[in-house]
Amino acid sequence: MADTALMPIAGLVDPVPVARDVTARADGRIDLIGLARPRIAELLAATGLDAKQARLRARQVFHWLYHRGVTDFAAMTDIAKTMRPWLTERFVIGRPEVVEAQHSTDGTRKWLLRTDDGHDFEMVFIPDETRGTLCVSSQVGCTLNCTFCHTGTMRLVRNLTPGEIVGQVMLARDELGEWPKGSMAGFAADEGDEDEPGYTSDGRLLTNIVMMGMGEPLYNFDHVRDALKLVMDGDGLGLSKRRITLSTSGVVPMMARCGEEIGVNLAVSLHAVSKEVRDEIVPINRKYGIEQLLDACAAYPGASNARRITFEYVMLDGINDRDEDARELVRLIRAYDLPAKVNLIPFNPWPGAPYRCSSPARIRRFSEIVFEAGISAPVRSPRGRDIEAACGQLKTAAEKQSRAERDRAMPAGA
Ligand code: SAH
Ligand code: SF4
Numbered sequence: 004m005a006d007t008a009l010m011p012i013a014g015l016v017d018p019v020p021v022a023r024d025v026t027a028r029a030d031g032r033i034d035l036i037g038l039a040r041p042r043i044a045e046l047l048a049a050t051g052l053d054a055k056q057a058r059l060r061a062r063q064v065f066h067w068l069y070h071r072g073v074t075d076f077a078a079m080t081d082i083a084k085t086m087r088p089w090l091t092e093r094f095v096i097g098r099p100e101v102v103e104a105q106h107s108t109d110g111t112r113k114w115l116l117r118t119d120d121g122h123d124f125e126m127v128f129i130p131d132e133t134r135g136t137l138c139v140s141s142q143v144g145c146t147l148n149c150t151f152c153h154t155g156t157m158r159l160v161r162n163l164t165p166g167e168i169v170g171q172v173m174l175a176r177d178e179l180g181e182w183p184k185g186s187m188a189g190f191a192a193d194e195g196d197e198d199e200p201g202y203t204s205d206g207r208l209l210t211n212i213v214m215m216g217m218g219e220p221l222y223n224f225d226h227v228r229d230a231l232k233l234v235m236d237g238d239g240l241g242l243s244k245r246r247i248t249l250s251t252s253g254v255v256p257m258m259a260r261c262g263e264e265i266g267v268n269l270a271v272s273l274h275a276v277s278k279e280v281r282d283e284i285v286p287i288n289r290k291y292g293i294e295q296l297l298d299a300c301a302a303y304p305g306a307s308n309a310r311r312i313t314f315e316y317v318m319l320d321g322i323n324d325r326d327e328d329a330r331e332l333v334r335l336i337r338a339y340d341l342p343a344k345v346n347l348i349p350f351n352p353w354p355g356a357p358y359r360c361s362s363p364a365r366i367r368r369f370s371e372i373v374f375e376a377g378i379s380a381p382v383r384s385p386r387g388r389d390i391e392a393a394c395g396q397l398k399t400a401a402e403k404q405s406r407a408e409r410d411r412a413m414p415a416g417a
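Going by the numbering used here, the letters in the sequence shown line up with residues 4 to 417, in that order.
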C-alpha cells in the first residue's frame, strides 16, 4: 500500500508500516468498510453535501453496509436513485480478497485472505450444535514469540485495519449466506447468559466471535476496538458483546481499557503457573508477570460469575501438564478470587515445533483436578484437523505450501 504511515507498535520490534484508516484506492475511490457513522458523514460532507444531509445519508449508508451487507450502492433502495451512481463514483464497499477457501469434513471452514497490499492472513469458522464461532485475526504475524505458537515464529508484518478486521466478519456472513433480509431484533439482545441465547444456531450460523486468530489484539487496540464497535452496533452487525471473546497473551496495561472501551469477554493465555515456565513459553511474562496478570484479571471490568474469564492452557507434554501444575492453577484462581473457567487446549503441532501434545490420559487427569475444585475445565476438541484450521495455528498450511505449489494444485479455472 503506497499510502501508509509509520506508527510505533508496542512490542519487540521497530515501528512497522501501518495502513491508515482511510486509504483511497488506485482509482481514487475510498473503501467505506471499517468506518463509523461520523467518519462516513465527514467524507460525504467533504464531497459537497451539507452537514445535515451528510449525517442523514451516513446513517442510511451505515445500515446498508453493516446491517444488510450490501456491496453495491445500487441496492440502497431508500437512497435517491440519482444519488446512488454519485456514491459509486466516489466510494467502494470492500471485502478482504479470498485467496483460498477450505471446508473440513467436520464443517469447519478456513479462508486464506489477502490485504490490498498483498499480506496473507486467515480466518476460521467453527460450527457446533449450539453456536457458530468465527475466529478472527488482528495482525499479520505477531511481535510476541510464544514458543508453541506458529504465528509467533513469523515476523509481524503489520496491524490489520478496522476495515480488515470487521471485513472478516462481513465476508464470513457473505460466504455463509446469512445477511438478514429484515430486522435482527432479538439477536443483539444483551440480556441473559451467552450460553442461553435467545437466538439459537442451527450449527451453521455465525453467532460468536473469538479474537483468537493471528496476532495479539491488545497490541492493535484501537483498530480492534473500532472494528468490534461496528460488530456490536445494533444497526451494524448487531452481535452482542456477550458473544465476543478477546484473547490476550497478557498485555496487562491494556486489559482495563479492553473491559471499559470494548466490554467483551476476556480470555487469557495463561499456559503456565510458574514464572520459570511461563517466562519460557509465553515470553511477555518477563515483562508482565503472573501476579500482575492475575491482578488485572481480578479487576477486569464486567467479569462476574455470569461472565467468567477464560484461562487458556495449552497442554504440552512434560512442560506444564503435571498434577501439581493443575493444583497450582486451582490455587491461583482461588487466591485471586477469579470468576474463571479453564480451557484446556491440546497442543496443535506444526513442523519444527519443539513440543509434543500431552497424552489424552494426562489431559483428562489435569482436567479432573481442576474440575473437582469446582472450576469448569473442558478440553477443547480439535476441529478442522484435516485443513489445519485450529485457532492459533493459522497460516501454517499456506506457509508450508508455496504459492506456486498451490496454484498447480488448483483445478483449472478455479
Ligand atoms: N495472541 C492472542 C490470541 C491469538 S492465539 C493470545 O495469545 O491469546 C489464540 C490461542 O491459541 C492462544 O491461547 C494461544 O496460546 C493458542 N495457541 C497458539 N498456538 C497453539 C498451538 N500450536 N496449539 C494450541 N494452541 C495454540
Ligand atoms: Fe502471538 Fe498469541 Fe501466538 Fe503468542 S500465542 S505468539 S501472543 S499469536
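We treat Cβ as the ideally placed atom computed from N, Cα and C, and that holds for glycine.
It should be emphasised that the depicted structure is a prediction, and the values quoted were computed from it without experimental measurement.
Per-residue burial, residue i [other beta carbons within 10 Å of its own, 16 or more giving buried]
i: Asp198; result: Because the pLDDT at Asp198 is just 40, under 50, the model does not fix this residue reliably, and the value given afterwards should be weighed accordingly. With fewer than 16 Cβ atoms within 10 Å of its Cβ, Asp198 is classed as exposed.
i: Ala364; result: exposed
i: Ala463; result: No statement about residue 463 is possible, as the shown extent of the chain runs from 4 to 417 and does not include it.
i: Gly1; result: Past the edges of the chain, shown from 4 to 417, lies residue 1, and the structure says nothing about it.
i: Leu319; result: buried
i: Glu375; result: exposed
i: Arg161; result: buried
i: Gly51; result: exposed
i: Glu315; result: buried
i: Asp2; result: The structure shown does not extend to residue 2, since the chain is modelled only from 4 to 417, so the question has no answer here.
i: Pro99; result: buried
i: Ser186; result: Low local confidence applies: a pLDDT of 40 at Ser186 is under 50, so the model's placement there is unreliable, with the coordinate-based value given in what follows. By the neighbour-count rule (16 or more Cβ atoms within 10 Å), Ser186 is not buried but exposed.
i: Tyr244; result: Before going further, note that residue 244 is Lys rather than Tyr in the sequence given. Lys244 is buried by the Cβ-count criterion.
i: Gly37; result: buried
i: Ala299; result: buried
i: Ser370; result: buried
i: Glu391; result: buried
i: Gly31; result: exposed
i: Glu132; result: exposed
i: Glu279; result: exposed
i: Gly321; result: exposed
i: Arg62; result: exposed
i: Gly155; result: buried
Through-space distance from residue j to residue i, alpha-carbon basis
i: Val267; j: Ala175; result: 20 Å
i: Gln142; j: Met157; result: 11 Å
i: Gly180; j: Thr74; result: 13 Å
i: Ile129; j: Glu92; result: 38 Å
i: Leu135; j: Asn211; result: Looking at the sequence provided, one finds Gly at residue 135 rather than Leu. Computed Cα separation, rounded: 6 Å.
i: Arg347; j: Val271; result: It is worth fixing the name first, because residue 347 is Leu in this sequence and not Arg. Roughly 12 Å separates the two Cα atoms.
i: Ile33; j: Phe65; result: 15 Å
i: Arg60; j: Met235; result: 21 Å
i: Gly110; j: Gly387; result: 8 Å
i: Leu90; j: Arg28; result: 15 Å
i: Val373; j: Ile336; result: 10 Å
i: Lys232; j: Leu221; result: 15 Å
i: Arg281; j: Leu249; result: 20 Å
i: Arg368; j: Thr313; result: 19 Å
i: Ile293; j: Val333; result: 14 Å
i: Met173; j: Ser362; result: 38 Å
i: Asp147; j: Asp340; result: According to the sequence provided, residue 147 is Leu. The question's Asp does not apply to it. Using only the alpha carbons, I get a separation of about 28 Å.
i: Val101; j: Gln171; result: 10 Å
i: His153; j: Ala77; result: 43 Å
i: Gly237; j: Arg359; result: 44 Å
i: Ile96; j: Arg325; result: 51 Å
i: Ala54; j: Gly239; result: 22 Å
i: Lys290; j: Asn323; result: 20 Å
i: Leu242; j: Leu209; result: 10 Å
i: Val273; j: Leu35; result: The residue asked about is misnamed: residue 273 is Leu in this sequence, not Val. Answer to the nearest angstrom: the Cα atoms are 37 Å apart.
i: Trp182; j: Pro357; result: 43 Å
For residue j and residue i, believed in contact at Cβ under 8 Å, the rounded distance
i: Met214; j: Glu125; result: No, Met214 and Glu125 are not in contact; Cβ-Cβ is about 13 Å, not under 8 Å.
i: Ser252; j: Cys149; result: 6 Å
i: Ala48; j: Ala39; result: No, Ala48 and Ala39 are not in contact; Cβ-Cβ is about 15 Å, not under 8 Å.
i: Cys145; j: Leu159; result: 6 Å
i: Ala275; j: Ile284; result: 6 Å
i: Leu296; j: Val345; result: Contact doesn't hold; Cβ gap of about 15 Å is too wide.
i: Arg311; j: Ala343; result: 6 Å
i: Pro349; j: Ile366; result: 6 Å
i: Val317; j: Phe151; result: 6 Å
8 Å Cβ cutoff, residue i in contact with chain C
i: Gly170; result: No chain C is present in this structure, which holds just one protein chain.
- Message: Quick test of the definition: if touching needs 3 or more C-beta pairs under 8 Å, does the stretch 297-305 touch the stretch 260-271?
- Response: yes
- Contact the stretch 43-57 vs the stretch 102-111: 3+ CB pairs below 8 Å: Under the 8 Å Cβ criterion, the stretch 43-57 does not count as touching the stretch 102-111, having fewer than three qualifying pairs.
- Message: Could you tell me which whole beta strand (DSSP E) segments of length 3 or greater appear in the stretch 70-133?
- Response: List check, beta strand (DSSP E) in window: 100-106, 112-117, 123-130.
- Assess, as a yes-or-no matter, whether the stretch 328-338 is touched by the stretch 363-381 under the definition of 3 or more beta carbon pairs within less than 8 Å. yes
- For the 8 Å Cβ check, are there 3 or more pairs between the stretch 108-117 and the stretch 65-78? When C-beta atoms of the stretch 108-117 are compared with those of the stretch 65-78, fewer than three pairs fall below 8 Å, so the two segments do not count as touching.
- Query: Between the stretch 132-148 and the stretch 78-89, are three or more C-beta pairs nearer than 8 Å?
  - Reply: no
- Do three or more CB pairs link the stretch 224-242 to the stretch 153-167 at distances below 8 Å? Because the criterion of three Cβ pairs below 8 Å is met, the stretch 224-242 and the stretch 153-167 touch.
- Item | 4-residue-minimum alpha helix (DSSP H) runs that sit fully inside the stretch 207-286, ordered along the chain | Fully enclosed alpha helix (DSSP H) runs of 4 or longer: 224-235, 255-260, 278-284.
- Query: Which runs of the beta strand (DSSP E) fall wholly inside the stretch 336-387 and span at least 3 residues, in chain order?
  - Reply: 343-349
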